[in-house]
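> Residue numbers (the numbering used here): 349 to 520.
All residues carry an ideal CB built from backbone N, CA and C; glycine is no exception.
Quick caveat, the model's predicted, so the values are computed rather than measured.
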């Protein structure tokens with residue numbers, strides 16, 4: 349099965365309609381939100397260069413979605429030279445097939461295409477979300493060691509730094 353991560357704007361009308369049907373498992377809603385919230389964040393933002401949406405296509409059908417943000421939409425904990433990952437959602441009917449990993453593998457390239465000036469990617473993940481923590485750490489994201497009180501519980505900050513001397517991210 350061929351997968352590729354594409355900008356939301358590159359989707360055709362049928363793919364956008366299919367994306368509207370993306371569903372996450374109910375227990376994941378607290379962490380990632382649903383597709384309606386993610387698309388609303390993307391489509392109502394007055395600064396299109398500050399937030400970008402990407403869909404993972406598997407054989408040209410959307411199976412996952414994510415948002416990337418830059419200033420002025422960065423969260424308080426993010427470095428201004430980073431892009432932050434939000435609302436990573438894999439359709440519940442497609443989970444367990446490696447699509448989350450495929451998103452993370454393609455993410456650095458699409459992030460740099462969108463914003464060549466960024467130095468890193470960052471995310472915040474609920475410390476109790478073991479599946480997500482495992483996915484990110486296995487993909488080479490580095491836990492900053494910082495925890496802070498989030499919406500649900502304590503959250504951890506993770507970073508992916510683009511090829512800099514002295515930084516050893518696992519190859520994605």
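How close, in whole Å, do the beta carbons of residue 427 and residue 487 come, if the pair is a contact with beta carbons under 8 Å?
Start at 1 with the first residue of the chain shown, and residue 427 comes out as number 79. Start at 1 with the first residue of the chain shown, and residue 487 comes out as number 139. With 8 Å as the limit, residue 427 and residue 487 do not qualify as a contact, their Cβ atoms being about 20 Å apart.
> Do you know offhand how far residue 415's Cα is from residue 494's?
In the chain shown, residue 415 corresponds to position 67, counting from 1. In the chain shown, residue 494 corresponds to position 146, counting from 1. So the two alpha carbons sit approximately 23 Å from each other.
> In this structure, does DSSP put residue 482 in helix, strand or coil?
Numbered from 1 along the chain shown, position 134 holds the residue referred to as residue 482. In the structure shown, residue 482 sits in a helix (DSSP, three-state: H, G or I).
> Can you tell me whether residue 448 sits near the ligand ATP, meaning its C-beta is under 7 Å from at least one heavy atom of the ligand?
As for the ligand ATP, it is missing from this structure, which has no ligand bound.
> Please determine, among 505, 353, 424 and 458, the residue with the shortest C-alpha to C-alpha distance to residue 407.
Locating residue 407 in the chain shown gives position 59, where the first residue counts as 1. With distances taken between Cα atoms, residue 407 lies closest to 353.
> I need the boundaries of the beta strand (DSSP E) containing residue 400, first residue and last residue.
Here residue 400 refers to the residue found at position 52 of the chain shown. From DSSP, the beta strand (DSSP E) with residue 400 extends over 399 to 406.
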